[in-house]
Structure formats: C-alpha cells, structure tokens
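Trainee: In this note's numbering, the protein residues as written are 17 to 256. In this text, a Cβ means the ideal position worked out from N, Cα and C, and glycines have one as well. One structure is given below, represented as structure tokens, and several questions about it will come after.
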C-alpha cells in the first residue's frame with residue numbers, strides 16, 4: 017500500500033494527469049453531446065451508444081497520461097532512484113499499473129456517465145434510457161475500457177522508455193492503427209485488441225468479432241495483462 021501511495025504522489029506531482037484527465041473527460045463527453053445536439057430532429061432514432069461516441073478520443077488522452085507516467089521517469093533519471101529504493105522492479109511496475117489503471121477507470125466512468133447524462137437531459141427519449149444490460153455496459157464499461165487501455169499504454173512506455181516514441185505509438189494505435197490493418201486483412205482486424213474492446217462496449221452482429229461482450233472484455237483484459245507481463249520481464253532484464 018505504501019508503494020501505491022508513493023506512485024500516486026509521483027503521478028500527481030505534475031500537471032499532466034490533471035489537464036490530461038480533464039481533456040479525456042471533455043473529449044469523451046463532448047463528442048457524444050454534440051452528436052445528440054446535432055441530431056435532435058431524429059431524436060426518436062437515437063440510442064445510448066450514440067452518447068458515447070467519444071470513447072476513442074478520450075481513451076487516447078488517458079493512454080498518453082499513462083505512458084508519460086513512466087517515460088518521464090526515464091527521461092529525468094528518477095526511475096533509477098525508484099529502483100534503488102525498491103529493488104523489486106516487478107512491484108514498482110505493478111503499483112504503477114494499479115495507479116494508472118484506477119485513474120483510467122475514474123476518467124472513463126466520469127466521461128461516459130457525463131456524456132449519457134447530459135445527452136439524456138437534452139433529449140429524454142426512451143431510446144436514450146438505460147433500460148438493458150447492454151446499455152449499462154455501454155456507459156459503465158467505459159471505465160473498464162479506459163483502465164485496461166491505461167495499463168497497455170504504461171507497458172508500452174516501459175518497453176520504449178522514450179516519450180516521443182511511446183506517445184506516437186499509443187496515439188496511432190488508439191486512433192487509427194487497427195483500422196489501417198483492416199484495409200489489409202479483415203480477419204486479423206477482427207482479433208485486434210481495441211476492435212475487440214469496441215465489441216465489448218458496442219456489441220454489433222456485423223462487427224466481425226465472434227466473441228460475446230463478456231468474452232471480448234476477457235480478451236482485452238488478457239491482452240493488457242500480457243503487455244504488462246512482457247514489460248515487467250524486459251524491465252527486470254535490462255539496466256534502468
């Protein structure tokens with residue numbers, strides 16, 4: 017618990033989590049609110065999933081914050097002090113993953129419920145009410161999605177160690193990387209992690225993903241754990 021507290025303090029000693037978190041919430045909720053506002057003439061055709069169309073942009077910012085939480089330590093050399101104080105590097109990375117994962121969870125929940133809540137206040141039609149489990153997953157599942165994505169971004173940052181490279185990779189990956197793969201192979205695209213996570217949030221028969229919503233979540237969580245395990249192995253093998 018002390019290590020978690022230390023990592024939390026280190027994370028919030030910079031302004032990146034504050035401003036990045038606010039931007040993630042604004043992007044997540046803003047796109048959904050704008051969509052509801054611009055389609056008010058067809059409000060009877062709107063659904064809950066229409067309010068959460070900004071997840072892709074919000075999660076990209078959350079991933080940037082997560083990646084910076086470790087690449088800045090490598091940049092300024094403070095990671096060496098951390099590893100000297102706590103020789104067990106696995107514990108350090110697990111603590112960092114716990115902190116950024118929890119931050120992502122909070123940002124996703126706030127952004128998702130803000131997008132849906134404001135959208136529903138603007139257009140209180142039955143289609144925008146949380147009537148089914150799929151509707152609840154669509155809104156509340158955003159926090160789980162953000163949290164796991166933050167762990168993936170942290171792992172990428174630990175592997176690359178350089179802010180520019182890590183940020184470029186997570187931004188391209190979150191925003192368009194997997195869709196570019198779909199231009200080459202739809203079969204490969206159907207098993208890429210963020211596409212599968214999309215199936216968890218917005219389950220559609222035409223998505224190409226053969227997994228259920230629960231299976232999609234397990235797949236995405238397994239990928240996040242795999243990335244974290246790989247990063248822990250690499251960090252333990254090389255010099256700080």
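Between 239, 20, 37, 75, which has its C-alpha nearest residue 171's C-alpha?
Mentor: Numbered from its first residue, the chain shown carries residue 171 at position 155. Nearest C-alpha to residue 171: 239.
Trainee: Is the Cβ-Cβ distance between residue 120 and residue 82 less than 8 Å?
Mentor: Here residue 120 corresponds to residue number 104 of the chain shown, with the count starting at 1. Here residue 82 corresponds to residue number 66 of the chain shown, with the count starting at 1. Contact: yes.
Trainee: In the stretch 159-203, which residue ranges form an unbroken alpha helix (DSSP H) of at least 4 residues, counting only runs that do not cross its ends?
Mentor: 179-188, 194-198
Trainee: Grab me the residues of residue 197's own chain with a C-beta within less than 7 Å of its C-beta, minus the 5 sequence neighbours each way, in chain order.
Mentor: Counting from 1 along the chain shown, the entry for residue 197 is found at position 181. Only 204, 205, 208 meet the Cβ criterion.
Trainee: Helix, strand or coil for residue 207 per DSSP?
Mentor: Numbered from its first residue, the chain shown carries residue 207 at position 191. Residue 207 falls in the coil class under three-state DSSP.
Trainee: For residue 117 versus residue 158, is the C-beta spacing smaller than 8 Å?
Mentor: Along the chain shown, one-based indexing puts residue 117 at 101. Along the chain shown, one-based indexing puts residue 158 at 142. Contact: no.
Trainee: Relative to the C-alpha of residue 255, which residue among 60, 53, 99 is closest?
Mentor: In the chain shown, the residue the question calls residue 255 occupies position 239. Of the candidates 60, 53, 99, the one whose C-alpha sits nearest the C-alpha of residue 255 is 99.
Trainee: Where do the N-terminal and C-terminal ends of the alpha helix (DSSP H) with residue 106 fall, by residue?
Mentor: What you label residue 106 is simply residue 90 of the chain shown in a count that begins at 1. Element bounds for residue 106: 105-138.
Trainee: In this structure, does DSSP put residue 148 in helix, strand or coil?
Mentor: For this step, residue 148 is matched to residue 132 along the chain shown. In the structure shown, residue 148 sits in coil (DSSP, three-state: anything other than H, G, I, E or B).
Trainee: Nearest by alpha-carbon distance to residue 149: which of 181, 136, 218, 236 is it?
Mentor: Locating residue 149 in the chain shown gives position 133, where the first residue counts as 1. Nearest option by C-alpha distance: 218.
Trainee: How many angstroms separate the CA atom of residue 227 from the CA atom of residue 202?
Mentor: Against the chain shown, residue 227 aligns to sequence position 211. Against the chain shown, residue 202 aligns to sequence position 186. Looking at the two C-alpha atoms, the distance is approximately 15 Å.
Trainee: By Cβ distance, which residues of its chain are closer than 6 Å to residue 73, with the 5 residues on each side in sequence left out?
Mentor: Looking up residue 73 in the chain shown gives position 57. The answer, listed in chain order, is 43.
Trainee: Does residue 112 pass the burial test, meaning 16 or more other C-beta atoms within 10 Å, or should it be called exposed?
Mentor: As a first step, residue 112 must be located in the chain shown, where it is residue number 96. The residue is buried, with at least 16 neighbouring Cβ atoms inside 10 Å.
Trainee: Would you report the Cα separation of residue 89 and residue 95, rounded to the nearest angstrom?
Mentor: In the chain shown, residue 89 corresponds to position 73, counting from 1. In the chain shown, residue 95 corresponds to position 79, counting from 1. Between residue 89 and residue 95, the C-alpha separation is close to 5 Å.
Trainee: If you compare alpha carbons, which of 23, 108, 163, 132 is closest to residue 45?
Mentor: Translated into the one-based positions of the chain shown, residue 45 becomes position 29. Ranking 23, 108, 163, 132 by Cα distance to residue 45 puts 132 first.
Trainee: Please return the same chain residues whose Cβ sits closer than 7 Å to the Cβ of residue 86, not counting the five positions on each side in sequence.
Mentor: Sequence index remark: in the chain shown, residue 86 carries index 70 (1-based). Closer than 7 Å at the Cβ level, and outside the excluded window around residue 86, lie 112, 170, 173, 174.
Trainee: Taking its Cβ as the centre, do 16 or more other Cβ atoms sit within 10 Å of residue 66, making it buried, or is it exposed?
Mentor: Looking up residue 66 in the chain shown gives position 50. Buried.
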